[in-house]
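The sequence shown maps to residues 1 to 50 in the UniProt record's numbering.
For reference, the structure discussed in these notes is given below.
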Amino acid sequence: MAKTKPREKFNKTIDYLLSTGELTAKDLENVDLEAVYKGYLIREKESLFK
1 MAKTKPREKF
11 NKTIDYLLST
21 GELTAKDLEN
31 VDLEAVYKGY
41 LIREKESLFK
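Now the structure itself:
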(Lines of atoms letter the chains of each structure in order from A and count residues from 1; the text may use other names and numbers.)
(Lines give C-alpha, C1' and ligand atoms only; values in the text may rest on other atoms or scores of the structure.)
Protein backbone atom coordinates (compact mmCIF):
# COMPACT_ATOMS: atom_id res chain seq x y z
CA MET A 1 0.00 0.00 0.00
CA ALA A 2 1.37 3.39 -0.98
CA LYS A 3 2.04 5.80 1.84
CA THR A 4 -0.03 8.98 1.80
CA LYS A 5 2.10 12.06 1.29
CA PRO A 6 1.89 14.65 4.07
CA ARG A 7 0.38 17.31 1.78
CA GLU A 8 -2.34 14.91 0.62
CA LYS A 9 -3.13 13.93 4.21
CA PHE A 10 -3.27 17.60 5.25
CA ASN A 11 -5.55 18.51 2.32
CA LYS A 12 -7.85 15.57 3.07
CA THR A 13 -8.07 16.68 6.70
CA ILE A 14 -9.02 20.23 5.69
CA ASP A 15 -11.56 18.88 3.17
CA TYR A 16 -13.05 16.59 5.82
CA LEU A 17 -13.39 19.41 8.34
CA LEU A 18 -15.06 21.59 5.70
CA SER A 19 -17.45 18.77 4.74
CA THR A 20 -18.51 18.19 8.36
CA GLY A 21 -19.03 21.89 9.00
CA GLU A 22 -16.37 22.05 11.71
CA LEU A 23 -14.57 24.52 9.45
CA THR A 24 -16.16 27.02 7.09
CA ALA A 25 -14.72 29.03 4.24
CA LYS A 26 -15.17 32.09 6.46
CA ASP A 27 -12.97 30.44 9.13
CA LEU A 28 -10.20 30.12 6.55
CA GLU A 29 -10.45 33.66 5.12
CA ASN A 30 -7.60 35.12 7.15
CA VAL A 31 -5.61 31.93 7.68
CA ASP A 32 -2.23 31.31 6.09
CA LEU A 33 -2.69 27.64 5.20
CA GLU A 34 0.99 27.33 4.28
CA ALA A 35 1.95 28.30 7.83
CA VAL A 36 -0.60 25.85 9.23
CA TYR A 37 0.78 23.14 6.94
CA LYS A 38 4.34 23.80 8.14
CA GLY A 39 3.17 23.48 11.74
CA TYR A 40 1.37 20.28 10.81
CA LEU A 41 4.59 18.87 9.32
CA ILE A 42 6.54 19.73 12.46
CA ARG A 43 3.96 17.97 14.65
CA GLU A 44 3.98 14.92 12.36
CA LYS A 45 7.77 14.68 12.57
CA GLU A 46 7.74 15.13 16.36
CA SER A 47 5.22 12.31 16.72
CA LEU A 48 7.59 9.98 14.87
CA PHE A 49 10.20 10.40 17.58
CA LYS A 50 7.93 9.74 20.56
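Here a beta-carbon is modelled for each residue, glycine too, at the ideal position from N, C-alpha and C.
Just so it is clear, the structure is predicted and the values come from calculations on it, not from any experiment.
Check: Ends of the alpha helix (DSSP H) at Leu18?
Finding: 6-20
Next item on the list: Quick one: grab the DSSP three-state call for Lys45.
Entry: helix
Item checked: For Glu29, the three-state DSSP class (helix, strand or coil) -> coil
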